[in-house]
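First residue of the sequence shown? That's 96 in my numbering, and the numbers climb one at a time after it.
Glycine included, every Cβ here is placed at the ideal spot set by N, Cα and C.
These numbers come from a predicted model, not from an experiment.
Notes follow the structure.
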Amino acid sequence: MSTDHYTPEAQEEAPLGVPHDGLPGVPKRSSWSGKWGFILAAAASAVGLGNLWRFPYLAAKYGGGIFLLVYIVLVVTFGFSLMMAETALGRKTGQSAIGAFSALSKKWKFVGILASIVPFIITPYYAIIGGWVTKYMVSYIVTPAAEIADGGFFTGFILMNPETYLYLIVFLLIVYLVVALGVNKGIENVNKVLMPALIIMSIGISVYALTLPGAIDGVAFYLIPDFSKFSAELVLGAMGQMFYSLSLAMGIMITYGSYFSKEHDLEHSVRRIEVFDTGIAILAGFMIIPVSFAVLGGGEAVMTHAGPGLMFGILPTVFDSLGAAGPILGFLFFALVFFAALTSCISLFETCTSIVADGFHLRRKFSILIAGVFIMVVGIFVNMGYDNLLWMDPMYTLFGIGEYQNSQLLDFFDFLSNTILMPIVALLTCIFIGYVVKPKAIIDEVKISSKFNGEKLFVVMIKYIAPVLLAVILVAYVLNTAGVIAI
Ligand code: PFF
Numbered sequence: 096m097s098t099d100h101y102t103p104e105a106q107e108e109a110p111l112g113v114p115h116d117g118l119p120g121v122p123k124r125s126s127w128s129g130k131w132g133f134i135l136a137a138a139a140s141a142v143g144l145g146n147l148w149r150f151p152y153l154a155a156k157y158g159g160g161i162f163l164l165v166y167i168v169l170v171v172t173f174g175f176s177l178m179m180a181e182t183a184l185g186r187k188t189g190q191s192a193i194g195a196f197s198a199l200s201k202k203w204k205f206v207g208i209l210a211s212i213v214p215f216i217i218t219p220y221y222a223i224i225g226g227w228v229t230k231y232m233v234s235y236i237v238t239p240a241a242e243i244a245d246g247g248f249f250t251g252f253i254l255m256n257p258e259t260y261l262y263l264i265v266f267l268l269i270v271y272l273v274v275a276l277g278v279n280k281g282i283e284n285v286n287k288v289l290m291p292a293l294i295i296m297s298i299g300i301s302v303y304a305l306t307l308p309g310a311i312d313g314v315a316f317y318l319i320p321d322f323s324k325f326s327a328e329l330v331l332g333a334m335g336q337m338f339y340s341l342s343l344a345m346g347i348m349i350t351y352g353s354y355f356s357k358e359h360d361l362e363h364s365v366r367r368i369e370v371f372d373t374g375i376a377i378l379a380g381f382m383i384i385p386v387s388f389a390v391l392g393g394g395e396a397v398m399t400h401a402g403p404g405l406m407f408g409i410l411p412t413v414f415d416s417l418g419a420a421g422p423i424l425g426f427l428f429f430a431l432v433f434f435a436a437l438t439s440c441i442s443l444f445e446t447c448t449s450i451v452a453d454g455f456h457l458r459r460k461f462s463i464l465i466a467g468v469f470i471m472v473v474g475i476f477v478n479m480g481y482d483n484l485l486w487m488d489p490m491y492t493l494f495g496i497g498e499y500q501n502s503q504l505l506d507f508f509d510f511l512s513n514t515i516l517m518p519i520v521a522l523l524t525c526i527f528i529g530y531v532v533k534p535k536a537i538i539d540e541v542k543i544s545s546k547f548n549g550e551k552l553f554v555v556m557i558k559y560i561a562p563v564l565l566a567v568i569l570v571a572y573v574l575n576t577a578g579v580i581a582i
């Protein structure tokens, strides 16, 4: 088929996994409406809770500036190389993850399968956080801002509270509805307006935060690296965050690349997505870390308090201090975060759906049903980690991490995908590209449409630095948590 524009309908006709002109003798696949169509769609998928919710709390937890530095270095070297590899692999084969790996080597199909498991782990807990955001958005309409800013509001909401299931289910049903009705494109268009609004508002909050007493220390903490806080865990944390935020090591960029036309500049697009995604994450840190300093009173307190609740506990104090405008701004802010989370969750769910459709040769509607039920059930299970299953702490009991009951099922799912599976998928992808298909295959693919300025960096990263770094960090981390070595 040869439609010029990527639409859900086109996708319906050519389910993910149908080859296009990437391989000789097979029909053409639908493609994005130009380079910017790809950039905007990939950015809408990439910018989400990872940037706004996850990045700031990790930066706070791992000592601020040093995390930021490691993160940026990783994005421009390893992230760049892996995103080039994934998108080019997709464009070359015209397939999504499983098909793409097996098109080049049957034996390596399992990497595509491993990558495809990741969205099924992330989506359920992503929707839980989406539910929290929805709750905050609604609360600014029905609850006084001072009450939302109260320290107990967040824990009162998430712990042992049937309401959390309601918000999770509502959030997921909205996602399912958008995907089932095929109106994703419309949502993406809305997002193109809302995303700049979110950026403007985040800048406003960041600037205002600087006027709070103690906030300047927070800026210093965020920007000035303290090398004594460097650790293997920090690097692994930054790496997992990079995969999560750029939607790497989970097959998604392979699928996005498979819709990318052979005429457009792949490297330029990849750079744009990286700059945009990282810029928003850094901005989110500016919005949350200085306020955390003002509220919690210092670096040590911020580092120990930083966790999934940071954004929800901290930002309401800003809105509360704004007087009559507070509730309106609070509502607006969480509404914008809600949309960013929604577009990302839609793209996650689309991915799950197409994996089911391709893997079991099912019709799209049936695949939506199966993926939808699966994610709902797992989401409810993970949410029970804050409820009847609060006693379950697999991070501690299985891996000996932290102290008993310091983490919940949500943390465990996050850990499984970001700290275990994604680094493994990334490592295998590097070995596959570096030594099985060879970097030249990717370089040739990139050069079909443009120069490849980062060619040398790409080869060195994919063949040597990234796999060695990944292997060393993974092994060091496992030995460290097992208590064999101390780093
Ligand atoms: N990159 C998204 C975020 O940072 O929130 C998460 C995500 C969205 C991952 C969509 C994968 C995906 F397909």
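Buried or exposed: where does residue i fall if 16 or more other Cβ atoms within 10 Å of its Cβ makes it buried?
i, result
"T524", "buried"
"W486", "exposed"
"H456", "exposed"
"P119", "At P119 the pLDDT is 41, less than 50, meaning the model places this residue with poor confidence and gives no usable figure here."
"M255", "exposed"
"H100", "Residue confidence for H100 is low, a pLDDT of 36 falling below 50, so the modelled location carries little weight; the figure read from the coordinates is stated next. By the neighbour-count rule (16 or more Cβ atoms within 10 Å), H100 is not buried but exposed."
"A244", "buried"
"G226", "buried"
"K187", "buried"
"N478", "buried"
"D539", "exposed"
"Q500", "exposed"
"F461", "exposed"
"P562", "buried"
"E258", "exposed"
"G332", "buried"
"E395", "exposed"
"Y559", "exposed"
"N548", "exposed"
Please return the same chain residues whose Cβ sits closer than 7 Å to the Cβ of residue i, not counting the five positions on each side in sequence.
i, result
"I134", "S364, R367, I368"
"S342", "S140, A141, M348"
"S191", "L111, G112, G346, I349, T350, S353, S449, D453"
"G117", "Residue placement at G117 is poorly supported in this model, since its pLDDT is 39, which falls under 50; the coordinates still yield a value, given next. Here the set comprises R186, K187, T188, G189."
"S387", "A155, G313, V397, L405, I409"
In this structure, does DSSP put residue i in helix, strand or coil?
i, result
"E358", "coil"
"L574", "helix"
"A401", "coil"
"L516", "helix"
"D506", "helix"
"K460", "helix"
"V531", "helix"
"G497", "coil"
"K287", "helix"
"K201", "helix"
"P239", "coil"
"N478", "helix"
"M334", "helix"
"P320", "coil"
"P122", "In this prediction, P122 scores a pLDDT of 41, lower than 50, which makes its location untrustworthy; the coordinate-derived value is nonetheless stated afterwards. The answer is coil: DSSP assigns P122 none of H, G, I, E or B."
"V274", "helix"
"L343", "coil"
"F249", "helix"
"V142", "coil"
"F547", "coil"
Please identify the residue among the options whose C-alpha is closest to the C-alpha of residue i.
i, options, result
"K533", "S512, I349, M556", "M556"
"S301", "I224, F371, G194, F414", "F414"
"L307", "S462, P219, T576, A389", "A389"
"V531", "T492, Y166, V206", "V206"
"G143", "F248, L443, F173", "L443"
"I295", "I161, V270, M382", "M382"
"G380", "W131, A138, G132, A155", "A155"
"K230", "V265, V451, G346", "V265"
"A183", "G404, I496, F316, V541", "V541"
"Y354", "V237, A137, V573, Y572", "A137"
"S502", "G418, G480, L522", "G480"
"G467", "L263, M178, A240", "L263"
"I465", "G194, A275, I543, G394", "A275"
"G309", "G392, A566, A571, G374", "G392"
"A419", "K201, P239, S211, V170", "P239"
Excluding the 5 residues preceding and the 5 following residue i in the sequence, name in chain order all residues of the same chain whose CB lies nearer than 6 Å to its CB.
i, result
"V314", "P385"
"G129", "none"
"S197", "K204"
"S176", "F553, M556, I557"
Excluding the 5 residues preceding and the 5 following residue i in the sequence, name in chain order all residues of the same chain whose CB lies nearer than 8 Å to its CB.
i, result
"L163", "A154, Y317, L318, P320, I377, G380"
"P489", "L504, F507"
Indicate, with yes or no, if the ligand PLP has a heavy atom lying under 7 Å from the CB of residue i.
i, result
"A310", "Of the ligands this structure carries, namely the ligand PFF, none is the ligand PLP."
- Query: In chain order, what residues place their C-beta within less than 5 Å of a heavy atom belonging to the ligand PFF?
  - Reply: Residues with a Cβ closer than 5 Å to any heavy atom of the ligand PFF, in chain order: S140, A141, G143, L144, G145, S340, S342, I347, S439, S442, L443.
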